[in-house]
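Note sheet for the following structure.
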Amino acid sequence: MARLSAVAGYIYQSATAIVLIFAISHLLGAADYTSFSLALASSQLLCVLMFEWLQLAGLRFLSAAGDHEAARLRWSLLCAGLLSALAIVLIGACASLLSPLSPGVVALGLSVAMLQGFADLYFLTIRLCDRLGLASCLLALRATAILGGAVAGAALWGSAEATLIGVASGQAAGLAAGLITHRARLARAPLSLMLRDWSEFCRYGLLAAGASVIHLSVPVLLRFIVVSRLGATGASAGFSIALDLLQRPFGVLNAAIHTISYPEVVQDFERGGASRPADSARRMFEFMVCTTVVLLGGLIGFIPDAAHILLAQDSLDGFLATAPMVALFYFLHLHLQSTVALVPHLEKLSARLVVVATAQLIIVAVASALAAAAGLSPRGAVACASAGTVIVILLALGPTLQYGAAPRAILIVQALLAAILIGSLASMPTQPLLWLAAKILIAGLAAAVVAWRGDFLMLARHSRT
Numbered sequence: 123m124a125r126l127s128a129v130a131g132y133i134y135q136s137a138t139a140i141v142l143i144f145a146i147s148h149l150l151g152a153a154d155y156t157s158f159s160l161a162l163a164s165s166q167l168l169c170v171l172m173f174e175w176l177q178l179a180g181l182r183f184l185s186a187a188g189d190h191e192a193a194r195l196r197w198s199l200l201c202a203g204l205l206s207a208l209a210i211v212l213i214g215a216c217a218s219l220l221s222p223l224s225p226g227v228v229a230l231g232l233s234v235a236m237l238q239g240f241a242d243l244y245f246l247t248i249r250l251c252d253r254l255g256l257a258s259c260l261l262a263l264r265a266t267a268i269l270g271g272a273v274a275g276a277a278l279w280g281s282a283e284a285t286l287i288g289v290a291s292g293q294a295a296g297l298a299a300g301l302i303t304h305r306a307r308l309a310r311a312p313l314s315l316m317l318r319d320w321s322e323f324c325r326y327g328l329l330a331a332g333a334s335v336i337h338l339s340v341p342v343l344l345r346f347i348v349v350s351r352l353g354a355t356g357a358s359a360g361f362s363i364a365l366d367l368l369q370r371p372f373g374v375l376n377a378a379i380h381t382i383s384y385p386e387v388v389q390d391f392e393r394g395g396a397s398r399p400a401d402s403a404r405r406m407f408e409f410m411v412c413t414t415v416v417l418l419g420g421l422i423g424f425i426p427d428a429a430h431i432l433l434a435q436d437s438l439d440g441f442l443a444t445a446p447m448v449a450l451f452y453f454l455h456l457h458l459q460s461t462v463a464l465v466p467h468l469e470k471l472s473a474r475l476v477v478v479a480t481a482q483l484i485i486v487a488v489a490s491a492l493a494a495a496a497g498l499s500p501r502g503a504v505a506c507a508s509a510g511t512v513i514v515i516l517l518a519l520g521p522t523l524q525y526g527a528a529p530r531a532i533l534i535v536q537a538l539l540a541a542i543l544i545g546s547l548a549s550m551p552t553q554p555l556l557w558l559a560a561k562i563l564i565a566g567l568a569a570a571v572v573a574w575r576g577d578f579l580m581l582a583r584h585s586r587t
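Taking the working numbering, the leading residue of the sequence shown gets 123, the next gets one more, and so forth.
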């Protein structure tokens, strides 16, 4: 049940983020929305730059720690988080001198980054105290508070500052709820031990976070290359919307699966017997591959329906032309960033992660640039980027193959068949609504069969091992 609540919590968090953007865009004027959007995007980037390395290091080291060691590591982790928050203030203060935003908007954006980073870090410690259900509920509570605070600020005062105050209040409410509902045990560490912990965090976490940032920049570079050739057209807008929207489902699913399964994989890697580490990694690989294959089929099957309902007519054709290929690209991008990288993360081969991420960036840049120069359509450019990502996946598979944790073929085949069935639903009409309801029912049943066959959420197989 805790696993199911974790998946639901991440899906709810993603849905509220989408609703937030649509709601604020209607409540604020163009100038205020532009300021709000820029400040929020900047705060997210700062949060990633200053806290991602701690998130990765905490997840890797705390998952394998015993009770006393975990208490000491939490102390070191939270102290490092305070230093990262201070660094955000200093960096933000310097950057504000060059920012076109007002000082008030800049200060609020920095507050959002600090609160979000520290809340995420504390929620991580709660999850790694074997409180997965509570951590999921806190994520959902924070998402609700952010949505309510931002909408209230925008509706009542109609300014970027008020909206950002609402977002910051939601982040603070989530952090306060976490501190109230769970007091993670801390053990004050001597300075020498804390410095040693920080050294280990940096040695692994900074490089691993750097690899994540490089991976995140790949879709940005792809967008720049394609949009620079298309110009400000409807096709360009449709392509940009596809890149913005279709990344989120894969990102949410990846975050949920890692929250659910990765701590167990790390524990078995550090303390398991001869076969148990490979068994737990195999279960996680099956979870990742099967669910993302079905998700890819679902996106392809329902992209036309969602596009006709939600998108403006001038960007509809561009979106429909590129969305299936963009979904395939994000599917491959996710597995390079997460599935293929699992064993290097376990073995703390963070330098390898940077090399792989850099290789993808270079190959995708070259492939998509050549496609654009040759006059290929955006779909052709994304297809070239996908082919480049496949090449990098094949080159980076060595540690995963050596680990001996190949997923069971029967589960992968079943997931592929379900994905093909769901994807084929794109040919069915949306109207009348009875047809749409039938499509949703068929897709839901196919996904449920895959989940049941894989036993991904109920842990029955795990309890027998």
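Glycine included, every Cβ here is placed at the ideal spot set by N, Cα and C.
Contacts around residue i, its chain only, beta-carbon distance under 6 Å, and the 5 residues preceding and following it disregarded
{"i": "F578", "result": "F409"}
{"i": "V478", "result": "A518"}
{"i": "T543", "result": "The residue asked about is misnamed: residue 543 is Leu in this sequence, not Thr. Result list for L543: A568, in chain order."}
{"i": "Q238", "result": "C169 and Q293"}
{"i": "A130", "result": "none"}
{"i": "A128", "result": "L254, S258, A378, T381 and I382"}
{"i": "P446", "result": "I422"}
{"i": "A192", "result": "L184"}
{"i": "G360", "result": "S437, G440 and F441"}
{"i": "M316", "result": "S198"}
Residues near residue i in its chain [Cβ-Cβ closer than 8 Å; skip 5 each side]
{"i": "G418", "result": "First, the residue type needs correcting, since residue 418 is Leu and not Gly in the sequence shown. The answer, listed in chain order, is A449, L450, F453, A541 and G545."}
{"i": "G526", "result": "A400"}
{"i": "Y155", "result": "I146, S147 and A282"}
{"i": "A559", "result": "none"}
{"i": "L260", "result": "F245, I248, G296, A299, G300 and T303"}
{"i": "R583", "result": "In this prediction, R583 scores a pLDDT of 42, lower than 50, which makes its location untrustworthy; no coordinate-derived value is stated."}
{"i": "V190", "result": "It is worth fixing the name first, because residue 190 is His in this sequence and not Val. Correct list, in chain order: A309."}
C-beta contact flag for residue i and residue j at 8 Å
{"i": "V349", "j": "S339", "result": "no"}
{"i": "G420", "j": "A565", "result": "yes"}
{"i": "V374", "j": "L269", "result": "no"}
{"i": "P466", "j": "L475", "result": "yes"}
{"i": "A548", "j": "P426", "result": "yes"}
{"i": "I287", "j": "V411", "result": "no"}
{"i": "T285", "j": "A267", "result": "no"}
{"i": "V227", "j": "G214", "result": "no"}
{"i": "I336", "j": "T480", "result": "yes"}
{"i": "L176", "j": "L243", "result": "yes"}
{"i": "I210", "j": "A235", "result": "yes"}
{"i": "I515", "j": "V462", "result": "yes"}
{"i": "E174", "j": "S314", "result": "no"}
{"i": "E469", "j": "P554", "result": "no"}
Cβ separation of residue i and residue j, assumed to be a contact under 8 Å, to the nearest whole Å
{"i": "R249", "j": "G292", "result": "Their Cβ separation, rounded to whole angstroms, is 20 Å, which puts R249 and G292 out of contact at 8 Å."}
{"i": "V387", "j": "A377", "result": "Incorrect: roughly 15 Å between the Cβ atoms, too far for contact."}
{"i": "A364", "j": "R194", "result": "That belief does not hold up - the Cβ atoms of A364 and R194 are roughly 46 Å apart, past 8 Å."}
{"i": "V415", "j": "L523", "result": "Not really, about 20 Å apart at Cβ, beyond 8 Å."}
{"i": "D246", "j": "L181", "result": "Reading off the sequence shown, one finds Leu at residue 246, where the question assumed Asp. Contact holds; Cβ gap of about 6 Å."}
{"i": "S157", "j": "L232", "result": "With 8 Å as the limit, S157 and L232 do not qualify as a contact, their Cβ atoms being about 14 Å apart."}
{"i": "Y326", "j": "S472", "result": "5 Å"}
{"i": "L230", "j": "A290", "result": "6 Å"}
{"i": "F391", "j": "P529", "result": "With a Cβ gap of about 17 Å, F391 and P529 do not count as contacting."}
{"i": "A311", "j": "C251", "result": "Actually they are not in contact, since the Cβ atoms of A311 and C251 sit about 18 Å apart, beyond 8 Å."}
{"i": "A429", "j": "L442", "result": "6 Å"}
Sequence-distant residues of the same chain with beta carbon closer than 7 Å to residue i, five excluded per side
{"i": "M550", "result": "W557 and K561"}
{"i": "F240", "result": "G203, A207 and L297"}
{"i": "S585", "result": "Below a pLDDT of 50, predicted positions are generally treated as unreliable, and S585, at 38, falls in that range; no measurement from the model is reported."}
{"i": "G332", "result": "V476"}
{"i": "S501", "result": "Checking the sequence shown, residue 501 turns out to be Arg, not Ser. The residues are A443, T444 and M447."}
{"i": "L256", "result": "I248, T303 and H304"}
Next item on the list: Would you list, in sequence order, the uninterrupted alpha helix (DSSP H) runs of no fewer than 4 residues that lie entirely inside the region 421-461?
Entry: 435-456
Next item on the list: Examine the Cβ distances between the region 355-374 and the region 506-525 and report whether three or more of them are shorter than 8 Å.
Entry: no
Checklist line | Runs of alpha helix (DSSP H) lying entirely within the region 320-406, each at least 4 residues, in chain order | finding: You should have 329-352 and 356-393.
Next item on the list: Would you check if the region 338-345 and the region 481-491 touch, i.e. whether three or more CB-CB distances between them fall below 8 Å?
Entry: yes
Checklist line | Cβ contact check for the region 275-288 and the region 151-163: 3 or more pairs under 8 Å | finding: As far as the Cβ criterion goes, the region 275-288 touches the region 151-163, which means the pair count is three or higher.
Notebook entry, point to check: What alpha helix (DSSP H) runs, 4 residues minimum, are completely inside the region 260-316?
Noted result: 282-303
Next item on the list: Please list the segments of the alpha helix (DSSP H) lying wholly inside the region 491-518, counting only runs of 4 or more residues, in order along the chain.
Entry: 500-517
Next item on the list: Determine contact between the region 158-168 and the region 194-205, defined as no fewer than three beta-carbon pairs at a distance below 8 Å.
Entry: Using a Cβ-Cβ distance cut-off of 8 Å, the region 158-168 and the region 194-205 are not in contact, since fewer than three pairs of beta carbons, one from each stretch, lie closer than that value.
Notebook entry, point to check: If we count Cβ pairs, one from each stretch, closer than 8 Å, do we get three or more for the region 317-334 versus the region 288-308?
Noted result: Counting C-beta pairs closer than 8 Å gives fewer than three between the region 317-334 and the region 288-308, which falls short of the contact rule.
Next item on the list: Count the C-beta pairs between the region 178-188 and the region 130-137 that are closer than 8 Å, then say yes if the count reaches three, no if not.
Entry: no
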